[in-house]
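First the structure, in the form of structure tokens, and then the observations on it.
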Amino acid sequence: MKNFLILTCCLFTTFVQAQVNSVSSGAGSSKYWILFTDKDQSSVPALSPATLERRRLQNLPIDDTDQPVAGQYINQLQRSGIRPECRSRWLNGVSARLTSQQYAQVTALPFVRTIQPIDPNIIITSTASALKSGDQINPQMAPVMTQIQAPEFAQAGLTGRFVNIGVIDAGFFGADSVGALRHIFKREGVKQVRDYVNAKKTQNNLFRTLETMSDFHGTEVLAAIAGNDPAENVQYGLATDATFYLARTDQGNREFRGEEDNWVAAMEWMDSLGVRLINTSLGYAKGMSNPKENYEPKQMDGHTSLISRAAQIAADKKGILIIVSAGNEGDDRSWRIISTPADAKGVLAIGATNAKLWNRIGYSSIGPEELPYLKPNVSCFSLYGTSLSAPVITGFAACIMQANPKLTNKQVMDIIEKSSHLYPYGNNYVGYGVPLASRALALLKNQPLPETARSVKATGKSITLPVPASESVVSVFRKKNAMHVLSQDALHVTDGKLVLRRANGEKQTTVDLKKEVIEVIWE
């Protein structure tokens, strides 16, 4: 009955939201990015002292992407009856709804470089749960803390203290009353909140007003970053002492569509405040309202979507580490691959593993073979979608940043990848595998890592490998080349030996023993 009531509520909210969207969008209009040719070079960037200091420490210059959009261009659009909704200094443009007549009118303006449709299908990369205000976070999230060796960070005194974390999500209903987050609000650890869906909402309204069932989603994500329940002696996230900036940019799960202009606006807002670590569990998968504007899987290439371009700007020019869910399309035969902005090279895309064998859990999206770089980057256990594995690694990153605040975003990303249990034998199913705190701490201290990875050459159709007696079943990734998986299997160990039989097209095989990884290279 409980699940039926939740489903009924979701369906009702879907219907209501559809009516709202049909009215608010305006008949005959669609939403677009209007990108401009240039900027007013005399304008002054609106950046906080914290942002300026971060850029200085990372040797990142202030450039034209920091300058505001030219006011005279916006004024001219407004005089033509066009109302800009969001402004992006990074992309040098505004978003606005245009009729076909307005589209032709704007195209002819000399200061307009291009017009690009806005993806209306930003989705949450997991399903909403039945979490309610006052409830405890579902304890099934806690096992991942053991997997990533959370006690190692705790013993080192690393809890994300002094690290600012931005969270871009669908909603944060009940966040201030959930038991596992009480410690954050008690110390006033949430500094600022913005609602890009309903700008009139105050912080209290955001936490107390339920518009869709997915308004719980950001609360769950926040708990996976920093949740801790001393009464139950359960830790849900690593960054228990971090400071947070929250942005609501989406209005629900798969039934409710958000828009990428909100996401870009939230990113730029957080950058202006000096936030250098951002978690986002939203992503574009497939399907636009106009079929002619649909993306195809091959376009998840890191630069086709504007949301990925903005993410790459954040990584390269703003020094921000963006940690994003890989997506939950792994079981969808019509898509299967990661969503955007997980395809951007500069972001840390997080997949999900099974609990016992640390291979890909079925729903976790796969990295496109066309990419010249590895996606997802790393993975960890999550029962409820990659949107709850990404925040776990966000907490992991916060601990690294606390340990050495001078590290750049790319250096933190490098440590996380190298700390993972399959490194250097990553693949497009789980990336480099599960990040381990003990390895990250050794890398932070410039200590040599234990020799846990080795390669062996094999000829013929099979090879027998000795395996520790403690292992009865091991995970193997059969690959067509160094990165791309043909299939993953769970193989039984007999008398301390693992027999591998080569499959058609198999060039390399990764044998995952958790504490050791063996790369078999077939000749």
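Under mature numbering (1 follows the signal peptide of the UniProt record, and there is no 0), the letters of the sequence shown match residues -18 to -1, 1 to 505, in that order. We treat Cβ as the ideally placed atom computed from N, Cα and C, and that holds for glycine.
**Study point:** Option nearest Leu339 by Cα separation, candidates Asp158, Pro50, Gln470
**Key:** Looking at the Cα atoms, Gln470 is the closest of the given residues.
Exercise for review: Grab the span of the beta strand (DSSP E) containing Thr335 for me, first residue to last.
Suggested key: DSSP places Thr335 in the uninterrupted beta strand (DSSP E) bounded by 330 to 335.
Review point. How should Lys13 be labelled, buried or exposed, when 16 other C-beta atoms within 10 angstroms of its C-beta is the threshold for buried?
Key: The residue in question, Lys13, is buried, as its Cβ has 16 or more Cβ neighbours within 10 Å.
Check your understanding: Under the DSSP definition of a beta bridge, which residues are partnered with Leu365?
Key -> Paired residue(s): none; Leu365 is not in a bridge.
Review point. Who pairs with Trp504 in a beta bridge, going by DSSP?
Key: In DSSP, Trp504 forms a bridge with Ala440.
Exercise for review: Throw me the rounded Cβ distance for the Gly156 and Phe198 pair, which I believe falls under 8 Å.
Suggested key: Rounded, the Cβ-Cβ distance is 7 Å, consistent with contact.
Exercise for review: Reducing DSSP to helix, strand and coil, say where Ser402 ends up.
Suggested key: Ser402: strand per DSSP, three-state reduction.
Practice item. Can you give me the Cβ contacts of Gly256 inside the same chain, cut-off strictly under 6 Å, excluding the 5 residues immediately before and after it? Key: For Gly256, same chain residues with a beta-carbon under 6 Å away, outside a window of 5 residues either side, are Ser30, Ala32, Thr33, Arg36 in chain order.
Check your understanding: Quick one: is Gly139 buried, meaning 16 or more other Cβ sit within 10 Å of its Cβ, or exposed?
Key -> Burial is judged here by how many other beta carbons sit within 10 angstroms of a residue's own beta carbon; Gly139 has fewer than 16 and is exposed.
Review point. Closest to Ala326 by CA distance: which of Asp158, Ala419, Gln294 is it?
Key: If we check each option's Cα against that of Ala326, Gln294 comes out closest.
**Study point:** Bounding residues of the alpha helix (DSSP H) (the contiguous stretch that carries Gln83)
**Key:** From DSSP, the alpha helix (DSSP H) with Gln83 extends over 82 to 89.
Practice item. Using 10 angstroms around the beta-carbon of Arg436, count the other beta-carbons present and answer buried if the total reaches 16, otherwise exposed. Key: Classification of Arg436: exposed, given that the 10 Å Cβ count is below 16.
Check your understanding: In this structure, does DSSP put Ser287 in helix, strand or coil?
Key -> Correct three-state label for Ser287: coil.
Exercise for review: Ignore the nearest five residues each way along the sequence and tell me which others in Phe93's own chain have a CB closer than 7 Å to its CB.
Suggested key: Answer for Phe93: Phe18, Thr19, Tyr55, listed in chain order.
Point to revise | Where the beta strand (DSSP E) through Arg483 begins and ends | key: Start and end: 479 to 483.
Check your understanding: Rounded to the nearest angstrom, how far is the Cβ of Leu39 from that of Lys392, given a contact under 8 Å?
Key -> Not really, about 14 Å apart at Cβ, beyond 8 Å.
Practice item. Round the Cβ separation of Val360 and Ser402 to the nearest angstrom and send it over; I've been treating them as touching at under 8 Å. Key: Between Val360 and Ser402, the beta carbon gap of about 5 Å places them in contact (Cβ cut-off 8 Å).
Check your understanding: Mapping DSSP to helix, strand and coil, what is Arg239?
Key -> Caution is warranted here: a pLDDT of 41 is assigned to Arg239, below 50, making its placement in the model unreliable, and no coordinate value can be reported.
**Study point:** Reference Asn146, options Val493, His285, Ser254, closest by Cα
**Key:** Comparing Cα positions, the closest option is Ser254.
**Study point:** Buried/exposed call for Lys443, threshold 16 Cβ in 10 Å
**Key:** Counting Cβ neighbours within 10 Å, Lys443 comes out exposed, since fewer than 16 surround it.
Check your understanding: Within the chosen definition, does the stretch 373 to 387 reach the stretch 334 to 352 through at least 3 CB pairs nearer than 8 Å?
Key -> Contact check between the stretch 373 to 387 and the stretch 334 to 352: fewer than three CB pairs, one atom from each, fall below 8 Å, which does not count as touching.
Exercise for review: Return the CA-CA distance between Val306 and Gln98, expressed in angstroms with no decimal places.
Suggested key: If you draw a straight line from the Cα of Val306 to the Cα of Gln98, it comes to about 24 Å.
Check your understanding: Going by other Cβ atoms of all chains shown within 10 Å of its Cβ, with 16 needed for buried, is Phe363 buried or exposed?
Key -> It counts as buried.
Practice item. Leaving out five residues on either side along the sequence, give the residues of the same chain with a beta carbon under 8 Å from the beta carbon of Asp313. Key: Cβ neighbours of Asp313 beyond the five flanking positions: Gly344, Tyr345.
**Study point:** Simplified DSSP assignment, three categories, for Lys13
**Key:** DSSP places Lys13 in strand when its eight states are reduced to three.
Check your understanding: Per DSSP, which one or two residues make a beta bridge with Phe226?
Key -> Phe226 is bridged to Ile147, Val172.
Point to revise | Val416, enclosing alpha helix (DSSP H) - first and last residue | key: Premise fails: Val416 is in no alpha helix (DSSP H) and is neither H nor E.
Check your understanding: Which one or two residues does DSSP pair with Asp232 in a beta bridge?
Key -> DSSP lists no partner for Asp232.
Review point. Quick check: the stretch 472 to 489 against the stretch 445 to 453, are there 3 or more CB pairs under 8 Å?
Key: In short, these stretches touch, since the Cβ pair count reaches three.
Practice item. Could you give the DSSP three-state label for Ile304: helix, strand or coil? Key: If DSSP states are grouped into helix, strand and coil, Ile304 belongs with the strands.
Check your understanding: When the Cα atoms are used, what is the spatial distance from Met244 to Leu425?
Key -> In the sequence under discussion, the amino acid at residue 244 is Asn, which differs from the Met named in the question. Approximately 37 Å between the Cα atoms of the pair.
Practice item. Grab me the residues of Thr96's own chain with a C-beta within less than 6 Å of its C-beta, minus the 5 sequence neighbours each way, in chain order. Key: Cβ neighbours of Thr96 beyond the five flanking positions: Leu17.
Exercise for review: Please classify His199: does DSSP put it in a helix, a strand, or coil?
Suggested key: When DSSP states are grouped into helix, strand and coil, His199 belongs to the helix group.
Practice item. Classify Pro99 as helix, strand or coil using the three-state DSSP reduction. Key: Pro99 falls in the strand class under three-state DSSP.
Review point. When burial is assigned at 16 or more other CB atoms within 10 Å of the CB, is Glu242 buried or exposed?
Key: So Glu242 ends up on the buried side.
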